[in-house]
Structures are given as C-alpha cells and as structure tokens.
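Enquirer: Numbering (the working numbering), first residue to last: 26 to 743.
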C-alpha cells in the first residue's frame with residue numbers, strides 16, 4: 026500500500042495504490058480486497074470498488090498463480106488541519122479456512138503546510154520476469170519561486186529491495202553511496218543519492234538501472250520507498266515516494282511511455298508516446314489507457330476518448346504475434362508553474378486476462394522556465410528486426426539568442442541497452458565517447474558519455490551512434506534509451522539537466538485502422554436511452570465510443586414508458602433507426618418527448634428537430650402553440666400555422682447557414698411533412714424539378730399541399 030503525495034498538505038488530494046499478488050501454486054478465487062480509509066477524507070474515485078462506510082471492497086474473481094494486480098483510489102482531505110495523520114489499511118481475505126484477512130498492509134500519511142521539495146518516482150516497466158532489467162526514475166524539484174531560496178545538500182535515500190540489485194556506478198543524475206564497493210547494491214543496503222544544490226525552479230532526474238534476480242519467485246512483489254530532504258533550519262520532514270513492481274512468469278504484452286521535451290516550459294506543450302508490443306504466439310485484444318497529469322489540456326488524443334484525466338483506446342486488437350503499435354498524445358500545461366512535476370502512467374489491458382491491467386509504464390516531467398539546451402533523439406530505422414544495423418540520431422542545440430551565452434562542456438550520458446550488440450566507441454560521430462571497455466567496446470550496462478564541447482548561441486550539433494540489434498530477440502519486445510544532456514555556462518554554473526527518450530520495437534507495426542468517436546446526446550422533455558449495434562453505446566450511462574474507420578453503426582432509440590421518441594438530429598435525421606458510417610467523428614442527438622404531451626407540442630417539437638436539428642426554445646414553442654390554439658378556438662384549420670412554421674424554419678438564417686444540398690433539403694421535407702425517408706422515385710422527381718429551375722419554396726409548397734400531408738395531419742387530429 027502506498028500513497029502519493031506524502032506528506033500531504035491540508036485539503037489536498039491523495040492517491041492510494043494497492044498492489045497485490047499470488048505467490049502460491051494455486052489460483053486465488055473469489056477473494057475480497059478491502060481498503061480501510063482514514064477518517065476525515067472524501068472519496069473522489071473508488072477505483073471500481075464498492076464503498077461501504079469507510080471501506081472500499083473489491084471482489085477478486087480470480088488471481089492466477091504467479092500474477093499480480095493493482096487498484097487505485099483517489100481521496101481528498103476534508104479536515105484541513107495539519108495536526109493529524111491519515112491511517113489506512115489494505116487487506117485480502119480468501120474466505121477459506123480461518124476467518125479474517127490473510128495478508129494486510131498499513132500506511133500512515135503525515136501532513137505539512139507546504140512541500141517546497143517535490144519528489145516523484147516512476148518505473149519504466151511492470152510487471153517483470155526473472156532477470157529483466159528496468160529503471161527507477163526519480164525526479165526531484167525545488168518548487169520555490171525564482172525569488173525564493175535554493176536548497177542545499179539535497180539528498181535521497183532508500184533501502185534496496187529484495188530480489189533486485191544494481192551497480193551504483195551506473196546511476197546517473199546523482200552520486201551514490203552506501204553500497205558494496207565490489208558487489209554493488211543489494212537487499213538491505215541503504216542507498217544514498219547526493220544531488221547537491223537545487224536552485225529555485227530547478228529539477229534533476231536520477232536514473233537507476235536495476236536487475237531482478239534470476240531466481241526470483243513468481244508472484245513476489247518488489248516494493249521500494251525513497252525519502253528526500255535538504256538542509257533546512259528547522260529540519261523538515263522528508264518527502265516520501267514509493268512504488269511496487271511484480272515478478273511474473275510470463276509477460277506477453279509490453280508498453281513503454283516516453284515524453285518529449287523534458288523538461289518543458291511552464292504552459293508549454295508535451296508529446297506523450299505510448300509504444301506497445303505483443304511477444305505472445307497468439308494475437309491479443311485489449312485496451313490502452315493513459316492517465317494524464319493534473320491541469321493539462323489535451324490538444325490531440327490520437328483517437329482516444331478522454332474522461333477526466335484518463336484517455337482510453339477501447340480496442341487495440343487484434344494485435345498479432347510479434348507486432349506492435351504506438352499512440353501519440355499532445356497536451357499543454359495549463360498550470361504554468363515552474364518546478365512542478367507532471368506525472369503520467371500508461372497501461373495495457375488484455376481482454377484474455379482476469380487482471381485489470383497487463384503492463385504499465387510511468388514517467389515524470391518537470392517544468393522549467395530557462396532551458397538553454399535542447400536535444401532530440403530519433404532512430405534511423407523503425408521498427409527493427411533481429412540483427413538490424415541502425416543508428417541513434419541526436420540533435421543538440423544551444424537555444425540562447427545570438428547575444429546570449431555560449432554553453433561549455435556540453436555532454437550527453439546514456440546507458441547501452443541490453444538489446445544491442447557491443448560496438449566500438451570510435452564509430453560515433455559528432456562527439457567523443459568515453460566510459461566503454463578499452464578492448465571489448467561498449468556493451469550492456471556501460472554508461473557512455475558523449476562529449477560535444479562548446480556550443481555557441483544558436484549552434485547545433487548532430488551526433489550519430491551506429492549500433493546493431495542482437496540476433497536472439499523475441500519479436501514484439503520493446504526497449505527504450507534515455508539520453509541525459511548537461512552543460513555549463515561560461516561562469517561554471519550547470520544548466521538545467523534535460524532528457525530525450527526514444528523507444529524501439531523489435532518486430533513489425535500492426536496495420537492500424539484509424540478510429541473515430543461517435544457521441545450520442547439525449548435531450549427533450551421526455552426520457553429514454555440509445556443503444557448501438559455493434560455494441561459500445563448504451564446512453565444512458567455510456568454515450569461515447571470509438572469505432573474503426575468505415576464501420577457502420579446502427580443506433581436505436583428506446584423511449585421510457587412515459588415518453589415517445591421525437592427524432593434524430595446531428596449525423597442522423599428522421600425517427601427510425603439511425604445508421605452512421607464512421608468516416609469521421611460523429612455526433613448524434615436523440616430527442617424524447619413526454620407521451621402525455623398534447624399533439625401540437627409533439628408536432629412542433631418534431632418540426633424543430635427535423636428542420637433545425639434542435640429542441641424548441643421556450644418562447645418559440647409557446648408562440649406556435651398560441652397560434653394553433655387561436656385557430657382551434659375559432660374552429661379554423663390549423664394546417665396554415667404549420668405551413669407558416671415550415672416556411673419560417675426552412676428559410677431562416679439558421680437553416681440556410683447549413684448550406685444543405687438539394688438531396689439533403691428534399692430529405693428534410695420528407696422527414697418533416699411525411700415522417701418517412703424519401704422513396705427513390707419521389708426523390709428523383711423532385712431533384713429533376715429543382716435542377717430544372719423550380720425554387721425550394723415551390724418544392725416545399727408541393728409537399729405542404731399534397732394529399733399525403735393532408736392525410737398525415739388528419740391522422741394527428743389536425
């Protein structure tokens with residue numbers, strides 16, 4: 026059980042994460058997972074559980090041997106007082122044998138009035154298999170304003186978890202101590218990361234490459250907790266971050282999340298890339314989710330549906346064996362605060378699994394006003410195959426204006442991924458390389474430093490790194506490379522560290538069929554629902570769904586017992602079933618009227634919906650009802666009122682502004698006056714008349730004085 030952020034500020038939101046696994050030899054069936062919440066909090070999101078008093082309960086139908094799962098809950102402090110702590114407890118009861126929970130975790134969350142030191146922890150990959158490498162990414166930031174105080178002796182510490190090990194010399198972004206000189210960092214060591222001084226608004230990313238042990242048990246969890254602090258008088262309570270990964274026997278789906286640029290400018294734009302692949306022998310179906318940071322605006326969701334701060338792609342399959350795909354999401358920071366951390370997490374859900382997710386990847390990006398160095402990273406070939414030659418292509422630029430400062434000792438660090446063969450540093454162009462073996466070259470685990478030297482204002486440098494993919498990789502796997510850039514101003518002061526990340530797929534990209542969103546809205550004085558075929562929309566509750574391009578979706582209106590269906594508007598018209606071809610994003614409105622409405626109200630509403638594609642405004646409805654009532658009181662025919670209404674609507678600026686074609690206009694006439702689709706013979710006849718010079722008003726009069734219209738009105742009592 027972990028909580029973010031810690032400590033909490035009064036009135037702030039808190040996210041609890043429950044990670045649980047089955048390390049036994051048998052599947053776990055029909056168990057209860059319970060989160061006992063602290064007093065004094067309001068539940069914002071129950072994570073799909075059932076809220077009973079201060080408890081949230083999930084029914085775990087099945088958790089297979091050697092697998093894990095997670096749940097997340099968002100709450101908000103409602104006491105608004107710093108002088109208390111939040112006590113939470115999570116437990117699982119398999120409801121077999123002795124009564125009571127089988128396993129339990131507890132957590133205390135303290136409060137503080139402010140939290141100028143921000144710390145974020147993300148993991149590159151979860152779950153893991155035995156012997157797999159991954160990264161802990163720590164981002165630490167001084168959120169004091171530019172006029173505020175620097176933080177000195179910033180340091181982070183944590184105990185190395187069981188089943189994991191790493192070498193301190195491979196950590197970038199901080200100097201490491203507390204581990205064994207020869208054997209590295211392993212279980213029980215207290216790792217200390219010294220960051221040094223952070224200026225107001227400055228952030229630092231620390232990358233810790235970790236390996237899981239080859240004899241790790243399936244279904245075991247690997248939790249880690251880091252504490253961050255700095256020299257202050259009086260001493261401050263440390264900030265705490267935590268995460269838990271699981272070790273599983275199989276991992277058939279994988280995902281990598283990257284973001285560029287990093288850092289971003291406050292109020293700047295950020296591009297998230299979600300790269301995912303399938304290493305299984307069978308095709309996979311599922312969905313893809315991206316949880317966004319708070320206070321960002323989505324500019325491009327790449328076909329995903331946004332609900333709150335989560336974007337969902339409902340159907341990523343079938344994703345064939347050895348194939349992958351990617352999505353790109355563009356967001357804009359709307360908070361505009363220097364030093365703040367933007368955390369995001371991507372998740373894959375496998376339809377064939379009982380788990381709520383199959384793989385996840387997370388990251389954190391900081392916001393920084395002055396970033397005088399920019400860096401981009403790309404692959405010369407994408408996707409890749411076993412044994413492929415390709416190169417990393419880096420572009421490094423001093424973004425200072427011509428009158429600005431040069432940047433000295435420009436350098437880039439990166440760790441050679443396990444998926445690459447050894448290579449000679451002499452093949453790298455645009456920079457001098459160090460950190461490799463004198464005889465065997467650069468291979469997995471080496472921290473390679475690329476020294477560029479001095480860049481004048483506006484000057485750029487291209488760096489090419491030729492490499493080769495190993496021959497024994499399984500199609501569908503992913504790997505990513507982080508390039509960390511640094512430089513100094515002429516006075517020796519370090520610039521803000523920056524990062525460029527590039528992901529790679531071994532295999533082939535799936536042929537991605539574009540998707541478009543179909544959104545349904547219900548309106549009117551009555552009530553009802555709309556269902557779809559294929560399934561996806563049940564509005565009511567689920568009113569938006571993405572469908573593959575070219576799909577034909579049939580919508581059916583289902584009025585409630587006290588209502589009638591008045592008609593469609595938007596991408597559909599009429600009052601029958603609605604068939605939408607998904608060649609673009611579509612919006613459809615279904616209007617329902619109360620069944621006990623008088624016939625005049627029903628027919629007036631029909632004219633509004635059929636012609637103007639909207640509900641009647643209150644004043645307009647009252648006006649036309651009064652006109653009809655006056656005619657009826659005098660014993661006169663009311664059809665002239667509807668003829669006047671039709672002329673007023675069809676030749677209003679509102680209708681003319683839609684620039685309807687002749688076919689659309691004639692279809693509107695049929696639907697309005699006859700409440701049916703046009704027959705082919707009739708449509709052809711009226712089209713010939715319009716093309717031959719008949720005005721639209723003359724055509725409308727032909728409908729309004731036709732026997733079919735008169736008969737239709739008489740059936741309604743008019």
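Even glycine gets a Cβ: it sits at the ideal position worked out from N, Cα and C.
Using the DSSP secondary-structure output, state which residues sit across from residue 93 in a beta bridge.
Expert: According to DSSP, residue 93 bridges with 46.
Enquirer: At which residues does the alpha helix (DSSP H) containing residue 736 begin and terminate?
Expert: 732-740
Enquirer: Starting from residue 159, follow its DSSP beta bridges and name the residues at the other end.
Expert: 235
Enquirer: If you draw a straight line from the C-alpha of residue 32 to the C-alpha of residue 478, how long is it?
Expert: Cα to Cα, residue 32 sits roughly 42 Å from residue 478.
Enquirer: Which residue from 162, 151, 363, 613 puts its Cα closest to that of residue 562?
Expert: 613
Enquirer: Take the Cβ of residue 719 as the centre, count every other Cβ of all protein chains shown within 10 Å, and call the residue buried at 16 or more, exposed below.
Expert: exposed
Enquirer: Can you have a look at residue 518 and say buried or exposed, based on whether 16 or more other CB atoms are within 10 angstroms of its CB?
Expert: exposed
Enquirer: Less than 7 Å between C-beta atoms, sequence neighbours within five positions excluded: which residues of the same chain meet that for residue 70?
Expert: 98, 99, listed in sequence order.
Enquirer: If you check the beta carbons only, do residue 383 and residue 483 fall under 8 Å apart?
Expert: no
Enquirer: What span of residues does the alpha helix (DSSP H) with residue 723 cover, start to end?
Expert: 721-729
Enquirer: Along the chain, which unbroken stretches of the alpha helix (DSSP H) at least 4 residues long are found entirely within the region 585-668?
Expert: 624-632, 643-658
Enquirer: Can you confirm whether the region 685-705 touches the region 649-660 when touching is taken to mean that 3 or more C-beta pairs between the two stretches lie within less than 8 Å?
Expert: The way I'd put it, the region 649-660 doesn't touch the region 685-705; fewer than three beta-carbon pairs between them come closer than 8 Å.
Enquirer: Is residue 346 close to chain B? Criterion is C-beta to C-beta, closer than 8 Å.
Expert: In the structure shown, chain B does not exist; there is a single protein chain.
Enquirer: Around the Cβ of residue 402, are there at least 16 other Cβ atoms within 10 angstroms (buried) or fewer (exposed)?
Expert: buried
Enquirer: Leaving out five residues before and five after residue 703 in sequence, what residues of the same chain have Cβ atoms less than 7 Å from its Cβ?
Expert: 691, 692, 695
Enquirer: Residue 716 lies in the alpha helix (DSSP H); which residues open and close that run?
Expert: 705-716
Enquirer: In terms of residues, what are the limits of the beta strand (DSSP E) holding residue 255?
Expert: Judged by DSSP secondary structure, residue 255 falls within the beta strand (DSSP E) whose first and last residues are 246-256.
Enquirer: With DSSP as the reference, please indicate the residues paired to residue 568 in a beta bridge.
Expert: Its beta-bridge partners do not exist; DSSP assigns none.
Enquirer: Rounded to whole angstroms, how far is the Cβ of residue 373 from the Cβ of residue 392, which I believe are closer than 8 Å?
Expert: At roughly 28 Å, the Cβ-Cβ gap does not stay under 8 Å, so residue 373 and residue 392 are not in contact.
Enquirer: With DSSP as the reference, label residue 477 as helix, strand or coil.
Expert: strand
Enquirer: If I measure Cβ to Cβ from residue 292 and keep anything under 6 Å in the same chain, skipping five residues before and after, which residues do I get?
Expert: 358, 361
Enquirer: Would you report the Cα separation of residue 135 and residue 27, rounded to the nearest angstrom?
Expert: 13 Å
Enquirer: Excluding the 5 residues preceding and the 5 following residue 151 in the sequence, name in chain order all residues of the same chain whose CB lies nearer than 6 Å to its CB.
Expert: 270, 385
Enquirer: Rounded to the nearest angstrom, what separates residue 29 and residue 355 at their Cα positions?
Expert: Rounded to whole angstroms, residue 29 to residue 355 spans 25 Å at the Cα level.
Enquirer: Which runs of the beta strand (DSSP E) fall wholly inside the region 158-235 and span at least 3 residues, in chain order?
Expert: With a minimum length of 3 residues, the continuous beta strand (DSSP E) runs that stay inside the region 158-235 are 158-167, 176-184, 200-202, 215-223.
Enquirer: Do the region 233-251 and the region 181-192 touch if we need at least three Cβ pairs shorter than 8 Å?
Expert: yes
Enquirer: Thinking C-alpha only, which one of 430, 336, 508 is nearest residue 321?
Expert: 336
Enquirer: Would you decide whether residue 626 is buried or exposed? Buried here means 16 or more other CB atoms lie within 10 Å of its CB.
Expert: Residue 626 should be labelled buried.
Enquirer: Whose C-beta lies closer than 8 Å to the C-beta of residue 105 among residues of the same chain, with five residues either side of it excluded?
Expert: Once the five neighbours on either side are set aside, the close Cβ partners of residue 105 are 35, 36.
Enquirer: For residue 422 and residue 158, what's the separation of their Cα atoms in angstroms?
Expert: 31 Å
Enquirer: Can you find at least 3 beta carbon pairs, one from the region 659-677 and one from the region 587-597, that sit closer than 8 Å?
Expert: no
Enquirer: Does DSSP put residue 681 in a helix, in a strand, or in coil?
Expert: In this structure, residue 681 counts as helix in the three-state DSSP scheme.
Enquirer: Can you name, in chain order, every residue of its own chain whose Cβ lies under 8 Å from the Cβ of residue 255, other than the five neighbours on each side?
Expert: 142, 176, 177, 178, 179, 180, 223, 261
Enquirer: What's the call for residue 198, buried or exposed, on a 16-neighbour Cβ count within 10 Å?
Expert: buried
Enquirer: Could you give the C-beta distance for residue 439 and residue 506, rounded to a whole number, given that I count them as a contact under 8 Å?
Expert: 6 Å
Enquirer: Hey, could you find the ends of the beta strand (DSSP E) residue 359 is sitting in?
Expert: Taken as a continuous stretch (DSSP letters only), residue 359 belongs to no beta strand (DSSP E), as it is neither H nor E.
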